[in-house]
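**Student:**
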């Protein structure tokens with residue numbers, strides 16, 4: 001028993017840091033940046049406050065580290081979710097969206113840090129999230145562009161046409177995740193299905209070369 | 001000439017305030033909340049700094065007043081744009097989106113205040129924008145619900161199914177407006193057409209009772 005307790009105290013540094021970060025994400029996600037206290041983070045992680053400062057320096061550094069960790073995890077979840085490039089386009093999109101909504105549903109505090117808290121507390125934090133978002137937009141743009149260029153047999157389909165669609169998709173997904181996480185009884189699968197229903201047939205028609213035509217000016 | 005100059009100085013209070021607010025929206029939109037100075041607002045409005053403080057009290061009050069004015073103007077532009085309820089659903093949606101993107105393109109500083117600055121500087125400002133956004137979501141939800149219920153001959157089509165679609169549409173529109181305003185050569189009409197292409201055929205199929213079906217779990 002004593003040996004076990006000693007092993008618990010002698011966690012490797014990486015593991016100890018992970019516990020502190022888990023606690024920090026939870027506190028920042030729920031209390032916001034200003035409302036969060038280092039005391040609360042230390043208590044939740046089961047360590048002393050000086051240890052939190054020793055490992056993670058300042059509240060600002062800790063918040064930045066949380067944003068970076070959550071951004072990386074979300075991006076990896078989406079990339080991993082999309083899976084096999086040989087799948088049909090709608091299936092790849094479905095898998096990617098489902099992975100996104102699963103991640104945000106299972107990590108509501110992490111999502112709150114990225115979508116609400118990081119944007120609400122000044123430019124340096126907002127810039128961290130903007131970088132992650134830009135990476136996701138590029139990833140989605142590539143997914144759509146590959147399909148659209150293959151369907152049109154046009155390897156030069158303008159990047160900017162596709163980039164607009166990717167912006168719409170990412171914005172819709174962000175909005176739906178925030179809504180699903182604050183609305184009782186909306187599952188990740190339902191949120192992903194809603195977005196596919198909203199977007200796919202439109203995107204699907206576009207990829208097949210059947211655009212919606214605006215009325216004349 | 002002297003008479004003209006005197007009349008210029010004796011602008012009615014409402015008109016004088018409008019000039020200061022125009023200047024403030026421009027300064028806040030471009031410099032951000034922290035970067036903006038009351039000196040710059042006063043200079044751009046062509047008035048003395050004490051006069052700005054006399055009319056608009058503090059930088060915080062001035063920023064709040066800017067957010068409220070821009071939120072009201074944007075909401076009115078969209079409501080006004082949708083127009084005749086007798087038009088087909090896709091036409092109403094097109095007109096509303098076109099009005100939204102026209103407004104954000106013609107008022108890039110106002111849009112930056114709402115979409116970026118108000119969200120980046122603490123909860124009270126972010127709450128002002130959240131209230132406007134909630135109003136837009138309700139408006140869009142009603143638009144979609146009327147069409148979907150009519151098409152399904154089901155007056156009780158669940159509000160929450162429609163609310164998810166409205167969240168997706170509003171999120172996509174916000175994202176596209178931010179992209180269009182920071183990307184050379186994207187017109188309001190192009191941004192609105194991109195969103196219709198992305199969303200309409202999907203939404204159109206849904207309204208007609210042809211949902212996209214997810215693969216089995």
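Chains as they are written, first to last, in UniProt numbering: chain A, 1 to 217; chain B, 1 to 217.
Just so it is clear, CB atoms sit at the ideal spot from N, CA and C, and this is done for glycine as well.
Among the residues of its own chain, which have a CB less than 6 Å from the CB of residue 17/B, if the five just before and after it don't count?
**Tutor:** These residues qualify, in order along the chain: 55.
**Student:** Could you compute how far the alpha carbon of residue 124/A sits from the alpha carbon of residue 87/B?
**Tutor:** Computed Cα separation, rounded: 46 Å.
**Student:** Count the other CB atoms, across all protein chains shown, that sit within 10 Å of the CB of residue 138/B; report buried if there are 16 or more and exposed otherwise.
**Tutor:** Burial call: exposed.
**Student:** Let me check one thing: in DSSP terms, what residues is residue 98/A bridge-paired to?
**Tutor:** Note: residue 98/A sits in no beta bridge, so no partner.
**Student:** Check whether the Cβ atoms of residue 119/A and residue 126/A lie closer than 8 Å to each other.
**Tutor:** Their beta carbons are under 8 Å apart, which means residue 119/A touches residue 126/A by this criterion.
**Student:** Which first and last residues belong to the alpha helix (DSSP H) in which residue 52/B is found?
**Tutor:** Unbroken alpha helix (DSSP H) run through residue 52/B: 49-56.
**Student:** Considering only the beta carbon of each residue, do residue 194/A and residue 165/A sit closer than 8 Å?
**Tutor:** No, the Cβ-Cβ distance between residue 194/A and residue 165/A is not below 8 Å.
**Student:** Could you work out which residue in 23/A, 20/A, 187/A is closest to residue 106/A when comparing CA atoms only?
**Tutor:** Of the listed residues, the one whose Cα sits closest to residue 106/A is 187/A.
**Student:** Examine chain B for any beta-carbon lying closer than 8 Å to the beta-carbon of residue 194/A, and answer yes or no.
**Tutor:** Yes, because at least one Cβ of chain B sits closer than 8 Å to the Cβ of residue 194/A.
**Student:** Can you check which of these residues, 58/B, 66/B, 30/B, 174/B, is closest to residue 19/B by C-alpha distance?
**Tutor:** Looking at the Cα atoms, 66/B is the closest of the given residues.
**Student:** Might you give, ordered along the chain, the residues of its own chain that have their beta carbon closer than 7 Å to the beta carbon of residue 136/B, omitting 5 neighbours on each side?
**Tutor:** The residues are 75, 78, 170.
**Student:** If we cut at 8 Å on Cβ distances, does residue 5/A have a partner in chain B?
**Tutor:** In this predicted model, residue 5/A has a pLDDT of only 43, less than 50, meaning its place in the structure is not dependable enough to derive any value.
**Student:** Kindly indicate which residue of 101/A, 132/A, 216/A, 142/A has the alpha-carbon position closest to the one of residue 192/A.
**Tutor:** The option with the nearest alpha carbon to residue 192/A is 101/A.
**Student:** Can you tell which of 47/A, 198/A, 184/A has the C-alpha that lies nearest to the C-alpha of residue 10/A?
**Tutor:** Comparing Cα positions, the closest option is 47/A.
**Student:** What whole-angstrom Cβ distance do residue 63/A and residue 103/A have, given they're in contact under 8 Å?
**Tutor:** Not a contact, Cβ separation roughly 20 Å.
**Student:** Any beta-carbon of chain B closer than 8 Å to the one on residue 65/A?
**Tutor:** Not an interface residue.
**Student:** Kindly indicate the opening and closing residues of the alpha helix (DSSP H) around residue 18/A.
**Tutor:** Per DSSP, residue 18/A belongs to the alpha helix (DSSP H) from 13-35.
**Student:** Might you give, ordered along the chain, the residues of its own chain that have their beta carbon closer than 6 Å to the beta carbon of residue 82/B, omitting 5 neighbours on each side?
**Tutor:** Cβ neighbours of residue 82/B beyond the five flanking positions: 92, 95, 96.
**Student:** Kindly list the residues whose CB is nearer than 7 Å to the CB of residue 229/A, restricted to its own chain and excluding five residues on each side of it in sequence; keep chain order.
**Tutor:** A question about residue 229/A goes unanswered here, because the residues of chain A that appear run from 1 up to 217.
**Student:** Keeping to the same chain, check which residues put their C-beta closer than 7 Å to that of residue 172/B; ignore five residues upstream and five downstream.
**Tutor:** 195, 198, 199, listed in sequence order.
**Student:** Leaving out five residues on either side along the sequence, give the residues of the same chain with a beta carbon under 6 Å from the beta carbon of residue 141/B.
**Tutor:** These residues qualify, in order along the chain: 162, 163, 166.
**Student:** Since residue 175/B is in the alpha helix (DSSP H), which residue starts that stretch and which ends it?
**Tutor:** Unbroken alpha helix (DSSP H) run through residue 175/B: 159-182.
**Student:** Run through the DSSP bridge pairs and tell me what residue 121/A is partnered with.
**Tutor:** Its beta-bridge partners are 121/B.
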